[in-house]
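Data first, discussion second: the structure below is written as structure tokens.
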Amino acid sequence: MTVETRTMNCITCPMGCEMTVTVENGVVTKVVGNTCPRGKKYAEIEVTAPKRMLTSTVKINGGVLPLLPVVSQSPLPKESILDCAKELRKIIVEAPIVAGQVICGNILGLGVNIVASRDLPKVQ
Ligand code: SF4
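Put into structure tokens, the structure is as follows:
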């Protein structure tokens, strides 16, 4: 049996609880330091299939800024983040853009949309 102890911070909310997580044969068996049950859930996902939100920018033509901030609508598998960022570098959108507009649907077939995180009007 393999038993290890990991220290991690829950990033689910701004509290950022520091947790001590016991993992036995790849399964979380004990979590200490979480203030609420979401911390245990975060630890279980972090150990088995870690995910991260992706925030980035894409090029925009005709906008008041040269780059449009974008964000994933939900967390993506951590190991796919770099590939997703590369995919976003290929995209050029046209102004105007409204916050929440889908910029890249179902990125890399992962079932997550990348959306604009702000309005970006057309340059006058
Ligand atoms: S354990 Fe709960 S309170 Fe602590 S950071 Fe995670 S979500 Fe926030």
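Under numbering that gives the first Met the number 0, the first residue of the sequence shown is numbered 0, with each subsequent residue one higher. Glycine is no exception: its CB is placed at the ideal position from the N, C-alpha and C atoms. Note that the structure is predicted; figures quoted are calculated from it, not measured.
Could you check how far apart the C-beta atoms of residue i and residue j are, in whole angstroms? I think they sit under 8 Å.
i	j	result
Ala42	Val20	5 Å
Leu119	Ala84	At roughly 19 Å, the Cβ-Cβ gap does not stay under 8 Å, so Leu119 and Ala84 are not in contact.
Pro65	Ile59	7 Å
Can you list, in chain order, the residues of its chain with a C-beta nearer than 6 Å to that of residue i? Leave out the 5 residues immediately preceding and following it.
i	result
Gly99	Val114
Whose C-beta lies closer than 7 Å to the C-beta of residue i among residues of the same chain, with five residues either side of it excluded?
i	result
Ser71	Met52, Leu53, Val111, Ile113
Select from the options the residue whose C-alpha is nearest the C-alpha of residue i.
i	options	result
Lys89	Thr1, Leu109, Ile102	Ile102
Thr11	Val92, Ser73, Ala94, Gly108	Ser73
Glu3	Ile59, Glu17, Leu81, Val30	Val30
Glu45	Val26, Lys58, Gly62, Thr34	Val26
Glu23	Thr1, Val92, Gly38	Thr1
Cys35	Ser55, Pro13, Thr56	Pro13
Val97	Val63, Gly32, Ile80	Val63
Val57	Val92, Asn33, Lys40, Leu75	Val92
Gly108	Leu75, Lys50, Asn33	Leu75
Lys50	Glu78, Ser116, Arg117, Asp82	Glu78
Just to confirm my understanding: we take residue i, look at its own chain, exclude 5 residues before and 5 after, and list those with CB closer than 8 Å. What are they?
i	result
Asn8	Gly15, Cys16, Glu17, Met18
Thr6	Glu17, Met18, Thr19, Val20
Lys121	Gly61, Gly62, Val63, Ala94, Pro95
Glu86	Cys103, Ile106, Leu107
Is residue i near the ligand SF4, going by C-beta to nearest heavy atom under 7 Å?
i	result
Cys103	no
Gly62	no
Cys83	no
Arg51	no
Asn33	yes
Gly99	no
Taking CB distances under 8 Å as the criterion, tell me whether residue i reaches chain D.
i	result
Ile113	Annotation note: the requested chain D is absent from the structure, which comprises a single protein chain.
Taking the continuous alpha helix (DSSP H) assigned at residue i, which residues delimit it?
i	result
Ile80	80–88
Val46	36–47
Kindly indicate the opening and closing residues of the beta strand (DSSP E) around residue i.
i	result
Ser55	54–60
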